[in-house]
Structures are given as C-alpha cells and as structure tokens.
Amino acid sequence: MKDVFHNISTSTLGHLTDTGYLSDIKSQVPNQKMVGRIVTVRIYPPDAGILREALIKAQAGDVLAIECVVNDHYACWGELRNLAAQIKKLAGVIIAGNITDISALRSQPFPIFARGVSALTTRTRTNAQSGEINIPVTLSGVIVKPGDIAIGDDDGLFVFSENYANEVLKLAQIKERQDRVKRKELLSKLIPPSSKAV
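Throughout, my numbering is defined as the position within the sequence shown, counted from one, plus 395.
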C-alpha cells in the first residue's frame, strides 16, 4: 500500500473524491511525501505528556495523528519530538493543532502536517497524564481510526480506511496514466521561443 501510493499525488486523489480530505491541515515542510498507517493520539493541551508513550508505541512506517482537544492553539510538536520520530523511522505526523521550532523542523526532511505555528507550547505535567492512544479521533471534522491510511504532500492531505484506499487507488492509477499521456501530448505542442539575434 505504501509503495503504490507514493506514486499518486493528492491532487489526483482530489479529482476523484472528497472523502477523507483534511482541509485545514497543511504540509509545513516543503517537498515531502507522506504515506503510512495511522496511530492516533488525543491530547488535552496544555498537557501533552502522552505523546512520549505514543512515540514509544509507534512502529517504523507509522504516521502519528494527533487530535488537540479544546486548546489547540498550543504547539504540541517541536524539534525534539521531531527528532525522536525520525529515530523511530515514522513516516510522518499529522497535528490538528500547531507546531513550534519551525526553522528547525523545516531543516529536517520529515513530513509534518499541521494547522499552523505557535510559540505557546504544551507541557508535561507532574500529575496524572491525560490523553488516549489508538482510539478514533476527529481531525478537520473527519473521523480517523487507528490503522487508516494517510497520504499527504504539498497539495494536501487525505485519510482513508484501508478498504476505501484500495478502491480509490485503482481509479487514481488510471488517472495518473491518462494524465501522463495528456501531459506528453501538450508538451509536444509547446513552441520553443524563437531565439533573438544578437
């Protein structure tokens, strides 16, 4: 699943379906493609201590999908968590909230999808940890479940159930082939600019 969707752009998916589109969550690191199976986390900012446990439980190739409940203006993801995710070889992270340390994050080749950037950050509280892991969460009004498939690039982000992903994939592969033929045809009709006499 991962390898085949790496060759499908989200703009191709957007020609075929509205389902699973996370409209207000955007790529924060340019030129990154993300495909992976989702591990979900719900946090209650300003407490984000459960993200440590989520990073421990996640496996290589997973995408961490984080729902920030109520106080989503706090940034729950920054440079150190990003480095930890890369050590775990995660495929990327989706945050229905904000990130911080943006300059450092953009210097690292790791896919991050979030609503925006904030200097106000979450904290790990000393009392009982709040939050849940691997439960259905809501991101941009879309219910996302553990094991769903995330596909993201600079144009946008989709989350599909595995069954729906298989259905869309077949149509997307056909459209990608058709677009390659059309692109080649159009490029062949471009007239190169005439060189000016010196």
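The C-beta atom is built at its ideal place from N, Cα and C for all residues, glycine as well.
{"Query": "Ignore the nearest five residues each way along the sequence and tell me which others in residue 533's own chain have a CB closer than 8 Å to its CB.", "Result": "462, 491, 539"}
{"Query": "If you scan the stretch 509 to 544 from start to end, which runs of the alpha helix (DSSP H) of 4 or more residues do you find wholly inside it?", "Result": "none"}
{"Query": "Could you compute how far the alpha carbon of residue 583 sits from the alpha carbon of residue 566?", "Result": "26 Å"}
{"Query": "Rounded to a whole number of angstroms, what is the C-alpha to C-alpha distance between residue 456 and residue 586?", "Result": "44 Å"}
{"Query": "Residue 477 lies in the alpha helix (DSSP H); which residues open and close that run?", "Result": "474 to 482"}
{"Query": "Taking residue 500 and residue 423 to be in contact with their CB atoms under 8 Å, please state how far apart those CB atoms are, rounded to whole angstroms.", "Result": "7 Å"}
{"Query": "Measure the C-alpha to C-alpha separation of residue 517 and residue 510 and round it to an integer number of angstroms.", "Result": "15 Å"}
{"Query": "Where do the N-terminal and C-terminal ends of the beta strand (DSSP E) with residue 435 fall, by residue?", "Result": "429 to 438"}
{"Query": "At the level of alpha carbons, what is the spacing between residue 580 and residue 529?", "Result": "47 Å"}
{"Query": "Taking the DSSP output, what are the residues bridged to residue 462?", "Result": "437, 491"}
{"Query": "So what's residue 469 in DSSP terms, helix, strand or just coil?", "Result": "coil"}
{"Query": "Measuring straight from C-alpha to C-alpha, what distance separates residue 476 and residue 569?", "Result": "38 Å"}
{"Query": "Work out the CA separation of residue 471 and residue 594 for me, nearest whole Å.", "Result": "Any property of residue 594 remains undetermined from this structure, which presents the chain solely from 396 to 593."}
{"Query": "Does DSSP classify residue 502 as helix, strand or coil?", "Result": "coil"}
{"Query": "Going straight from the alpha carbon of residue 405 to that of residue 438, what length do you get?", "Result": "28 Å"}
{"Query": "Mark residue 514 as exposed unless 16 or more other C-beta atoms lie within 10 angstroms of its C-beta, in which case mark it buried.", "Result": "exposed"}
{"Query": "Is it the case that the Cβ atoms of residue 543 and residue 556 are separated by a distance below 7 Å?", "Result": "yes"}
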